[in-house]
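For the record, in the sequence shown the residue sitting at position 170 is 171 according to my numbering, with numbers rising by one throughout.
Yeah, the Cβ is synthetic: ideal placement off N, Cα and C, and Gly gets one too.
A short worksheet on the structure shown next.
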Amino acid sequence: MAVPVILDVDTGVDDALALLFAVAHPELELLAVSCVAGNAALEQVVDNTLRILDVAGAPDVPVAAGAVRPLLEPARSASHVHGADGLGGLVLPATSRRPVDESAVELLRRTILAHPVPVTLVALAPQTNLALLLRTHPEVAGNLERIVFMGGSASVGNATAVAEFNVWHDPEAAAIVLDAGVPCYMYGLDVFNRVAVPHERALELEQGEHRAGRIVGALLGHRVALSEDDHAEYTGLIGDAGAVCSIVAPELLRTERRPARVELAGYGRGQTLVDLRDRPGEDLLHGVADEWTPVEIALGVDADAVAALFLDTVVERLPA
Ligand code: RIB
Ligand code: CA
């Protein structure tokens, strides 16, 4: 039986790859998509999402608009990473579709509670929508299998030295989600930064006959220039798509269940603190340990196998 999933996205180049994979893989049933400001402004994220679902041959998946900015922070787009349009300049046909006439929170609430089996909620963006949902309708936790989120890091950051963009963008939201009592799986930068498609393969797709393959190749080929003098290297990272791959092929990742929390103050604001110790420390022995939440953390990955799973799925199963 296919895993029922809902994706929360800030489409973005790699969110687009994740959406294509989620539609294509036969072991996933994409119930709905909720949009949030992050990589781009909300209106752009919604339009990008609708266009990508049209490309994937999934025009019936409901899409809702959510938060226009984080709970506390101002919106800070990642246009330097994903381009002004959020898709790295990739021009897709305009969509004839509109988002549903309800908020992301309402679409999430209604879809989760109506599904006959527990739903897997996949967060690939700042977790503002999820925090609003869990604070407004905590009853949804009863029909959530788990939350799989692309975010955080047990090592280095990207938005800052220690914080990953999705968590850094809305740290309060991430803290609320972690503490909502729903089992969480963290697909952080420790594995996110390792799963890539070789350049020659991306070029082959981009120049090939397969329409979806051409779009995937173009998205993989988008280069990130963080400043005028930053030399934009090819990375080929599948990014968010790897988090969705982990649902259908968990055996390709090495995970550990570890205490974690989100830092909300100081220079480390937005950092996901992960306790990797193998023995208690003074904080635990003297009863001064703060509240930490056990989270399944992806710390290792068979990167080539995940990249192959992604490519094989989108090329073989999306409209040619
Ligand atoms: O840090 C990477 C994450 O931030 C990805 O989800 C990317 O799409 C951006 O949202
Ligand atoms: Ca994203």
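DSSP three-state assignment for residue i, whether helix, strand or coil
| i | result |
| --- | --- |
| residue 108 | helix |
| residue 118 | coil |
| residue 267 | helix |
| residue 320 | coil |
| residue 257 | strand |
| residue 279 | coil |
| residue 48 | helix |
| residue 15 | helix |
| residue 100 | coil |
| residue 273 | strand |
| residue 238 | strand |
| residue 307 | helix |
| residue 124 | strand |
| residue 66 | strand |
Outcome for residue i when other beta-carbon atoms lying within 10 angstroms are tallied against a minimum of 16
| i | result |
| --- | --- |
| residue 272 | buried |
| residue 45 | buried |
| residue 223 | buried |
| residue 175 | buried |
| residue 288 | exposed |
| residue 81 | exposed |
| residue 71 | buried |
| residue 187 | buried |
| residue 95 | exposed |
| residue 247 | buried |
| residue 102 | exposed |
| residue 244 | buried |
| residue 165 | buried |
| residue 35 | buried |
| residue 313 | exposed |
| residue 51 | buried |
| residue 286 | exposed |
| residue 284 | exposed |
Distance between residue j and residue i (C-alpha atoms, nearest Å)
| i | j | result |
| --- | --- | --- |
| residue 180 | residue 90 | 37 Å |
| residue 49 | residue 10 | 10 Å |
| residue 37 | residue 65 | 9 Å |
| residue 20 | residue 298 | 22 Å |
| residue 27 | residue 127 | 27 Å |
| residue 201 | residue 138 | 47 Å |
| residue 160 | residue 78 | 11 Å |
| residue 140 | residue 8 | 19 Å |
| residue 41 | residue 125 | 13 Å |
| residue 100 | residue 280 | 50 Å |
| residue 292 | residue 18 | 35 Å |
| residue 282 | residue 215 | 52 Å |
| residue 185 | residue 136 | 17 Å |
| residue 57 | residue 217 | 11 Å |
| residue 193 | residue 151 | 8 Å |
| residue 183 | residue 134 | 13 Å |
| residue 241 | residue 16 | 6 Å |
| residue 119 | residue 177 | 20 Å |
| residue 332 | residue 113 | Limits of the chain in this structure are 2 at one end and 321 at the other, which puts residue 332 out of reach. |
| residue 306 | residue 315 | 14 Å |
| residue 264 | residue 197 | 29 Å |
| residue 320 | residue 213 | 6 Å |
| residue 85 | residue 47 | 14 Å |
| residue 195 | residue 189 | 11 Å |
Where the beta strand (DSSP E) containing residue i begins and where it ends
| i | result |
| --- | --- |
| residue 145 | 145 to 151 |
| residue 35 | 29 to 36 |
| residue 1 | This structure cannot settle anything about residue 1, because the visible part of the chain is limited to 2 through 321. |
| residue 248 | Segment 241 to 249 is the alpha helix (DSSP H) holding residue 248; no beta strand (DSSP E) there. |
| residue 5 | 4 to 10 |
| residue 62 | Segment: none, residue 62 is in no beta strand (DSSP E) and carries neither H nor E. |
Continuous alpha helix (DSSP H) stretch holding residue i: start and end
| i | result |
| --- | --- |
| residue 129 | 129 to 137 |
| residue 86 | First-last for residue 86: undefined, no H or E at that position. |
9 Å Cβ cutoff, residue i in contact with chain B
| i | result |
| --- | --- |
| residue 120 | Of the chains in the structure shown, none is chain B; there is only one protein chain. |
Residue i Cβ short of 8 Å to ligand 3 heavy atom set
| i | result |
| --- | --- |
| residue 11 | Ligands in the displayed structure: ligand 1 and ligand 2; ligand 3 is not one of them. |
Within the segment 135 to 218, ranges of the beta strand (DSSP E) (whole runs, at least 3 residues): 145 to 151, 185 to 188
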